[in-house]
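Shown next, in structure tokens, is the structure this report addresses.
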Amino acid sequence: MSSTPSPTLARSPFLLAARGEPGPRTPVWFMRQAGRSLPEYRKVREGTTMLESCMRPDLVVEITLQPVRRYGVDAAIFFSDIVLPLKSTGFGVEIKPGVGPVVAEPVRDRSGLDAVRPVTPADVPYITESVQQLVAELGDTPLIGFAGAPFTVASYLVEGGPSKDHAKTKALMHSDPELWHALADRLADVAIAYLSVQIEAGASAIQLFDSWAGALSPRDYERFVQPHSAKVFDAIAAYGVPRIHFGVNTGELLGLMSAAGADVVGADWRVPLDEAARRIGGGKPVQGNLDPALLHAPWAVVQAEIDRILAEGRAAPGHIFNLGHGVPPDADPDVLHRIVTYVQSASATS
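The sequence shown begins at 6 in this note's numbering and counts up by one.
What follows is the structure in structure tokens.
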């Protein structure tokens with residue numbers, strides 16, 4: 006089990022909000038924080054593939070710290086990729102620039118399932134080293150570990166890469182539910198192992214990304230996805246760290262995603278945060294939800310949206326300010342810095 010965070014770290018705005026406790030202000034961080042928008046990120050990544058950079062502690066530490074230095078965010082998100090645990094076991098997956106994860110041999114039958122094997126700490130020693138270095142560097146700034154949720158990772162494996170309609174994935178779910186559940190269960194074990202390594206190395210919170218779950222109906226989500234996400238959340242509950250759940254276009258699924266076991270549920274920009282809090286239920290903190298497209302709008306527009314979101318976020322016992330999805334590659338870093346500064350000052354309680 007992970008060591009108890011220092012009293013100062015435990016009282017950080019991010020961890021207070023994630024626990025639904027009063028804090029000095031609304032914390033803010035961004036998904037895909039460094040991403041492709043920071044020039045210093047692009048420079049340090051030159052000549053290195055995405056997955057290679059995720060396996061080098063020197064690059065992982067530097068890239069994770071870049072937005073903390075640049076923006077003054079209230080939490081750092083561990084630099085990695087949702088398919089890295091599979092890659093570490095020898096599974097044939099690569100990140101194709103401009104495309105995303107591409108699978109050499111898609112999983113569509115029993116033989117394909119055999120290629121997905123459990124992850125052990127010995128497969129990812131660079132993760133332990135990176136997290137330990139980061140925790141030492143970050144001090145009182147929490148580090149968020151993360152993993153891909155079983156459905157989203159499975160969708161890449163079944164489709165062979167990114168998909169707009171997830172047709173092959175949905176067809177497999179319904180035509181061979183036994184194979185689907187076996188695959189999702191195995192991927193839940195992968196996520197559990199990967200998150201456990203990060204938490205045991207010192208991560209203060211985790212986020213389970215179910216980026217594409219919004220492609221599903223509530224009925225299909227409840228039948229084919231929720232049990233496997235719940236397995237992940239249940240398995241790491243004993244660590245006592247806040248567990249965040251996030252997906253895109255999941256307005257109709259917020260209650261089910263909450264019921265899977267998350268402590269905090271992220272909402273994208275499609276649902277106002279006060280309504281999201283109602284759908285999530287259970288008096289849980291919320292995370293979100295500025296539309297990333299508005300990063301290109303005049304500052305007066307952005308500021309008005311921030312004010313609205315901060316007001317709506319008060320409907321929940323805790324609010325972590327974020328975008329409704331990841332930082333776009335063409336975002337202006339100065340705008341992101343201005344957002345952080347404004348959120349922190351406008352939400353200050355004293």
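Glycine included, every Cβ here is placed at the ideal spot set by N, Cα and C.
Nothing here was measured: the structure is a model prediction, and the numbers come from that model.
Asked                                                                                                                                                    : Found
Can you have a look at V306 and say buried or exposed, based on whether 16 or more other CB atoms are within 10 angstroms of its CB?                     : exposed
So, do the region 193-208 and the region 234-243 have three or more beta carbon pairs nearer to each other than 8 Å?                                     : yes
Verify whether the separation of the beta carbon atoms of G252 and G271 is less than 9 Å.                                                                : yes
Where does the unbroken alpha helix (DSSP H) through P12 begin, and where does it stop?                                                                  : P12 to A15
Can you check DSSP and say which residues form a bridge with A210?                                                                                       : I149
Rounded to the nearest angstrom, how far is the Cβ of L118 from that of A187, given a contact under 8 Å?                                                 : 6 Å
Exposed or buried, which one is T146 when buried takes at least 16 other CB atoms within 10 Å?                                                           : buried
Report yes or no: do three or more beta-carbon pairs, one from the region 106-114 and one from the region 70-78, lie closer than 8 Å?                    : no
In whole angstroms, give me the CA-to-CA distance for M178 and A353.                                                                                     : 47 Å
Whole angstroms are fine: how far does the CA of I197 sit from the CA of E317?                                                                           : 33 Å
Please check the pair I82 and F151, which I expect to be a contact at CB under 8 Å, by giving their CB distance rounded to whole angstroms.              : 7 Å
What is the residue span of the beta strand (DSSP E) that E26 lies within?                                                                               : Taken as a continuous stretch (DSSP letters only), E26 belongs to no beta strand (DSSP E), as it is neither H nor E.
Is the Cβ-Cβ distance between G153 and L213 less than 9 Å?                                                                                               : yes
Shortest alpha-carbon distance to A15 belongs to which of S209, W34, V195 and T53?                                                                       : S209
Is the beta carbon of G329 closer than 9 Å to that of D273?                                                                                              : yes
If I follow the unbroken beta strand (DSSP E) through V230, where does it start and stop?                                                                : Run containing V230: none; DSSP gives neither H nor E here.
Please name the residue in A176, P130, D215 and T174 whose C-alpha comes closest to that of P155.                                                        : D215
Measuring CB to CB, does I100 end up less than 9 Å from M55?                                                                                             : yes
For a test of the three-state rule: what should DSSP assign to I311, helix, strand or coil?                                                              : helix
If we ignore side chains and look at the alpha-carbon of each, how far apart do G266 and P334 end up?                                                    : 32 Å
Just list the residues that DSSP pairs N254 with in beta bridges.                                                                                        : N254 is not bridged to any residue.
Could you say which of W185, R283 and W304 lies nearest to R115 if we only look at CA atoms?                                                             : W185
The alpha helix (DSSP H) that contains F96, what's its start and end?                                                                                    : It is not in any alpha helix (DSSP H) - F96 carries neither H nor E in the DSSP assignment.
Can you grab the Cα-Cα spacing for the pair A309 / S93, in whole Å?                                                                                      : 44 Å
Tell me where the alpha helix (DSSP H) around S259 begins and ends.                                                                                      : The sequence given here places Leu at residue 259; Ser does not occur at that position. Here the alpha helix (DSSP H) through L259 covers L259 to A264.
For H301, does the three-state DSSP call read helix, strand or coil?                                                                                     : helix
With three or more beta-carbon pairs closer than 8 Å as the criterion, would you say the region 214-233 touches the region 21-35?                        : no
Are at least three pairs of beta-carbons, each pair with one atom in the region 58-66 and one in the region 130-147, less than 8 Å apart?                : yes
Quick check on the DSSP output: what are the complete alpha helix (DSSP H) runs of length 4 or more inside the region 125-170, in order along the chain? : 130-143 and 155-164
Closest by CA to G288, which one among I211, R24 and D190?                                                                                               : R24
Quick check on this structure: which residue in G331, D337 and A159 has the alpha carbon closest to the alpha carbon of V112?                            : A159
Bridge partners for F326 per DSSP, in chain order?                                                                                                       : V33 and G293
Output yes or no for whether 9 Å exceeds the beta carbon distance between V129 and L89.                                                                  : yes
Considering only the beta carbon of each residue, do P338 and S42 sit closer than 9 Å?                                                                   : yes
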